[in-house]
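What follows is a short report on a single structure.
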Amino acid sequence: MSHLLYDTTHFNHLRNETRGTFICVKPSETLMGYMLSPRNFVSEQRFQIRLSREVEFQRGKKFTVAKKDTKTTLNVICTETGKIEKDKDNQIMKGNVFGLVQAFCNDEKNGSMKAFVWTYTGYCTTEEMLRSMFLNHDVACNDDNKKSLLVRARVVSALKYWIENIWNVIKSNEKNVDDIMYEFLKRLKNYGMTREHDLIRSCYQRVMDGVEVEYFKTQRNIEFSIPMFSDIVGHSIETSVFNLLHPLEYARQVTLITSDMFRRIKLYEMLMWSNSEKESCQNIMSIQKFFNGLQNHFTRMLLSESRVEKRIKIVERLMQIANYCYTYHNFDTVLCIMLLFGTSAIHRLKRTFEGLNQETQDIMKKLKPLTLPDNNKEVLRAETNKVIGNPMVPYIGLILSDLTFTNFGNKTKEGDLINFAKCRQISKILEQVVFMHQQTYSQLIVSDINIRAMILSDAALELTMSDKESYELSQRTEPKVYSLIPPEKSVNRYTLHFPGKRLKTVSVSNTSSTLLQVFYDALGVDVSKHQIYIFYTGQSINESISPNNPVNRIKIVERDTEVVVCALQKVMYVNIVLEYNKVLCQTTIPLDPTLPLEYLNPILQTYTSTASYPILLKSNRVCGCMLPSLSLEEIEWSDGDTIFLIPIRELKNGLGELDYDSLRFKSSRFFSTFTGTFDGKRADVVIVDVMVLVYITETLHSVFPIETMSLRYDPWGGTIEFSFLGKENIEVYQNVVIEMENHTVRELMKRICQISKKQRKVRLIGTNRFYVESDTTGIPVRLEKLINVMYLSKEFTRMDFFDFDRKDILGNLKQFEEDGIIEPKDTAGIFVCYIKSLGEPLISSDHTKHFISFDFLDREDRIELLKRAFHELTETIRPISVLVVKVLSLFFSFTKNPAPQGFSDLLFDNLPDKGLAERILTYLVLNAESILPTMKTEENHLYTPFLPSVDFLPNSTILQINSGIAISNEPSNANDLIYKKNSKISPRITQDLARSFIETPRRHAPKRNLGRTDSMFMTNSQKQSQLTMATLSDSEYPMSSLSTNINNSFTGRTSKNTHKIMPSPTQSRLASSQLIKSPPVNTPSSREEQSESPFNEESKLQVLESKKFESKRVLQIRQRFESRSGQSTPKSERSSPRNVEDSKEKRNTFQEALNFFQKP
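Residue numbers for the sequence shown, in UniProt numbering: 1 to 1160.
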């Protein structure tokens, strides 16, 4: 019969009272009885235990014997000190401390040990828990049978588990725990349990020293890291890692960050969080701070972008990152991004979400159910439970909410018994967390410390915005009232022109919206500091208004009128001669002198639809052809200068045979000739000044201005196509496709890029990197953009990425080079096309004999050979070769394919074995970091602007320009119309000219048809003023004679002898320098500047002549005005009150016009 020895002298320090301790023994199992029993094997440990207890008994310990109570009920098992209740499934539902300890010591299958260890702090002290465990251990020490050994092992295991996981909870609250632990360790040592003693002692010492042990499952399927785009091109073009890094790699590094933060969370921290002790849960607060900081960073980045297109790209990138995080089971970051779109500040950005592509919308539709709170977040729980066992980062908020609801939703005690069912629920949650901790990404994703540091910096340095601040910023970024509607839904359309941006045609939903808002909604630009100019096609009057004016200030009189709304920041009024209504006219147009002239083409096109080219005149002398890519400031523009827009069709005049033209152009700048074939015939391409002349069989075929010329080079077919940019209708020219040698094409491209700033900026195929726009490492900017699109494209991760159709690539090549538009699917073909157009292998062929023995070299010799090969490359090709290998390494990190088909032929030349070339390329890609040289910073070859020159212009064209300028100043209906058209935007027009712009009452004004019938009633002088460039060039009189007659008519001289034949080249050059002294066009220069400038005799004569011309013009206008007034009002009606009021109103209108033109 078993007994319990009860020690009545045990003092409980926590309760400050004496409490007894039970030790279960058998009468026959005293030291003497145990040794005399023939069934027992007297081991050293057993003898030591018995001896230790006998010594304690002999020292005077008082023990009493208590009998065991054998009464039992159906669901309650009662012992002397323990009590538990079980359900029908034999699961413990309630119990006291000793009963629960006894239960998990005797039966581990019930899984109550971890539940007890994790939750005991809610219903007992640590000393009570330890005393109960030590008592069960002492009872088990009475025997060496299997059951006793299991109890002792379970107690030691529970004690180890408690030390490793719960010690930090109690070490600062209960000071006497150390004494209890030392007492137990001493007892183990006395009992001879050396192994158990050393195990508990090492765990205890490790925790006291702050050393943590982590257990995790290793993964073998490692993925290669994706470098940042700045590492590929050798320099940084963005400041944020969000824009520099591929979305996949960004998702990987964020997953590693959140995984490390999640695995640092201790289970006791979760329990303390559920008990509202959040101040001590530093690891939980860290992951929550990162979650909120990253979400705040995305919010600020999205709301700070004013352009809708940029916001759309940010959202699309965020959804790609969220999708990649979902594939890596990083639910914490997925929820961070998806919950961002549910905030009030982001959810209201309707125009941003309407512009998302279909792929992004599909991803959003797939991930959105994870954020739904339906059925206690059923979808999120199902997805989380589905991937348990794999590396994952759960949504920490879901775990903490479950713990909190379980803790506060259930009672801890029911009477004197502990609600152990609640403890089991908490333990189940924590066991899942432990299992999640053991699955890591350490052997699945390569960590990059620099990238992780930048991501953490973005999440930490951002200032937290409140909901109110973010909503106000959202309203400023995308106002609630949107001013635009689709253009097809409205009759009135406006073409917005902001220099440097593409034209955008819009329609306005509410005409009371300001132009400031319209520009912001359409282009994302702030024009508050700009001046708005309204240019109409046709005969409507242009005007200048403030950006704060409503759209209804724009009056569209004619239905087919196109309106160009232009925003200019710095304005200069430029003298321009152009064809208006098919008549040469001279006017003043506001332009921005800091911008390239090509940016201002939309303004010029409202005056003339004729394809023209600008010719510069300085001090009434033809300087030559301008480069539209240069600004007025770059060509040293002054107030007296004029731009003459000559029709492109007239550029062929005076040119014909190659031999004659070559002799004339031989001494001009940039003169170069290139030979090819056109349909089996000889073709010569001649570059003169800023023009490209194409001769077929030595006869001029086409003239292409370099900056308006479109090129398409086919390196596989060896052809180059010449055409005009844009959609200009130049009926006299057709596309010309010429076959040329590759080296000839490269020399042609080099010369074109040397001359033209625009071609230098857009060209890539067949170019030398020194003569195109390049970055600091010598990489062409166009190539950098190409690789950036490739880097971010989803197609780049596919094995067949470099399989393309050459015809499709060549068809889209113009769109990429000239418009900067490229589809991700075309990047591979254009990239290969560029490498092919270089015309030389990327690896020096001088090492061919060494490469033949490449397979027999060891690793060090292989690396040294490839290093030497890169070192001996020319400066032109070395950065390109390094870049190509980096791109292939990037492709390998996605697809595990180091040598795409065809690249071995592009990199190596003259290798006898194709397989050898592929093996060398594979080795090069796999060891790129050890082989490739560092990309050095280079000084960019800056473009030097060239001033216009008359080298190209034939003498006949120069004289034609002079005659056109003179004719443009003569009185004509077209001049009247263009003066009226610009009356509200020109800074100064002579006060006397204001009379012609006054609109008389309709019932007084005589009907006047300004159509073609006016020519029937024109005088001979008026008809002569209607001459165009075409009529001048087709005249039966030589241009020199016409120029001389017009010049003499303006100077008051008569010429008895006129030239009737073409002058010699020398004579024509001298004649071209003496231009027609036309009346000066009004410029915005002040009167003080005019008074201070010195005048010579020639300029004084010119001023007198202009005054005579103006006085004559004013006299004609005054007579016309008075005649109109007299004819429309009979004498009998002039004294009527109504007519008096009309005349007063007319005089007031006239005075207002005078006041307007008197303003500076």
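We put the beta carbon where it would ideally sit given N, CA and C, even for glycine.
Excluding five sequence neighbours on each side, which residues of the same chain lie with their C-beta closer than 7 Å to the C-beta of residue i?
{"i": "Y713", "result": "I720, V745, I765, G766 and S837"}
{"i": "H814", "result": "This sequence places Lys at residue 814; His is not what is there. Within the same chain, K814 has close Cβ partners S710 and R712."}
{"i": "D526", "result": "Y520"}
{"i": "N75", "result": "Confidence at N75 is low in this model, with a pLDDT of 34, below 50, so its placement is unreliable and the value that follows should be read with caution. The residues are E85 and K86."}
{"i": "E324", "result": "This sequence places Tyr at residue 324; Glu is not what is there. If we look at Y324 and ignore the five residues flanking it on each side, its Cβ neighbours are P247, L248 and A251."}
{"i": "E918", "result": "A899 and S904"}
{"i": "I314", "result": "M301, L302 and E305"}
{"i": "I821", "result": "Q815"}
Which one or two residues does DSSP pair with residue i in a beta bridge?
{"i": "V736", "result": "F722"}
{"i": "S710", "result": "S723"}
{"i": "L484", "result": "V508"}
{"i": "F535", "result": "V564"}
{"i": "L700", "result": "Y695"}
{"i": "D684", "result": "T675 and Y695"}
{"i": "Y580", "result": "V583"}
{"i": "G624", "result": "L616"}
{"i": "Y573", "result": "P590"}
{"i": "S631", "result": "P596"}
{"i": "I545", "result": "I532"}
Residue i: buried (16+ other C-beta within 10 angstroms of its C-beta) or exposed?
{"i": "R1003", "result": "Low confidence applies here, because R1003 scores a pLDDT of 36, under 50, leaving its location unreliable; read the following figure in that light. Its Cβ having fewer than 16 others within 10 Å, R1003 is exposed."}
{"i": "N375", "result": "exposed"}
{"i": "S457", "result": "exposed"}
{"i": "residue 1162", "result": "Outside the modelled stretch of the chain, which goes from 1 to 1160, sits residue 1162, for which no answer is possible."}
{"i": "N142", "result": "buried"}
{"i": "V871", "result": "Checking the sequence, you will find His at residue 871 rather than Val. Counting Cβ neighbours within 10 Å, H871 comes out exposed, since fewer than 16 surround it."}
{"i": "A158", "result": "buried"}
{"i": "A382", "result": "exposed"}
{"i": "G234", "result": "buried"}
{"i": "P547", "result": "buried"}
{"i": "V577", "result": "buried"}
{"i": "K807", "result": "exposed"}
{"i": "P948", "result": "buried"}
{"i": "I920", "result": "buried"}
{"i": "L748", "result": "buried"}
{"i": "T1031", "result": "For T1031, the predicted structure reports a pLDDT of 43, less than 50, and the residue's modelled location is therefore unreliable. A value from the coordinates is still provided. Counting Cβ neighbours within 10 Å, T1031 comes out exposed, since fewer than 16 surround it."}
{"i": "G811", "result": "exposed"}
{"i": "A459", "result": "buried"}
{"i": "T333", "result": "buried"}
{"i": "T293", "result": "According to the sequence displayed, residue 293 carries Gly and not Thr. By the 10 Å Cβ count, G293 comes out buried."}
With a CB to CB cut of under 6 Å and the five nearest residues on each side skipped, what residues in its chain are close to residue i?
{"i": "N450", "result": "none"}
{"i": "I337", "result": "L318 and A322"}
{"i": "K501", "result": "L523"}
{"i": "C623", "result": "L616 and P948"}
{"i": "S986", "result": "T588"}
{"i": "Q432", "result": "none"}
Kindly list the residues whose CB is nearer than 8 Å to the CB of residue i, restricted to its own chain and excluding five residues on each side of it in sequence; keep chain order.
{"i": "K411", "result": "N419 and K422"}
{"i": "P933", "result": "K867, F870, H871, R878 and V882"}
{"i": "R154", "result": "F104, C105, E108 and M113"}
{"i": "L400", "result": "M270, W273, S274 and I284"}
Counting only beta-carbon atoms, is residue i nearer than 9 Å to chain D?
{"i": "N145", "result": "Although the question refers to chain D, the structure presented lacks it and comprises just one protein chain."}
Report task. Could you tell me whether the region 921-940 touches the region 634-645, where touching means 3 or more Cβ pairs closer than 8 Å? Result -> Counting Cβ pairs under 8 Å, fewer than three are found: no touch.
Query raised in the report: Is it a yes or a no for the region 943-960 touching the region 559-571, going by three-plus beta-carbon pairs under 8 Å?
Result: Contact between the region 943-960 and the region 559-571 is not established, with fewer than three Cβ pairs separated by less than 8 Å.
Query raised in the report: Do the region 424-439 and the region 254-274 touch if we need at least three Cβ pairs shorter than 8 Å?
Result: At 8 Å Cβ cutoff, the stretches touch.
Query raised in the report: Below 8 Å, can you find three or more Cβ-Cβ pairs linking the region 574-591 to the region 602-611?
Result: By the C-beta criterion, the region 574-591 is judged to be in contact with the region 602-611, since at least 3 inter-stretch pairs fall below 8 Å.
Report task. Would you check if the region 896-909 and the region 570-586 touch, i.e. whether three or more CB-CB distances between them fall below 8 Å? Result -> When Cβ pairs closer than 8 Å are counted between the two stretches, the region 570-586 is seen not to touch the region 896-909, the count staying below three.
Query raised in the report: Mind pulling the alpha helix (DSSP H) runs of 4 or more residues that sit fully within the region 744-800?
Result: Counting only unbroken stretches of 4 or more residues, the alpha helix (DSSP H) elements lying wholly within the region 744-800 are 757-762 and 781-792, in sequence order.
Query - Touching by the beta-carbon criterion (3+ pairs, under 8 Å), the region 667-676 and the region 646-655 - result: No: the two stretches stay apart, fewer than three of their Cβ pairs being nearer than 8 Å.
Query - Segment contact, 8 Å Cβ cut-off, at least three pairs: the region 819-833 with the region 856-867 - result: The region 819-833 is not in contact with the region 856-867.
Requested in this report: Take every Cβ of the region 346-354, pair it with every Cβ of the region 472-491, and state whether three or more of those distances are shorter than 8 Å.
Outcome: Result yes; three or more Cβ-Cβ pairs closer than 8 Å.
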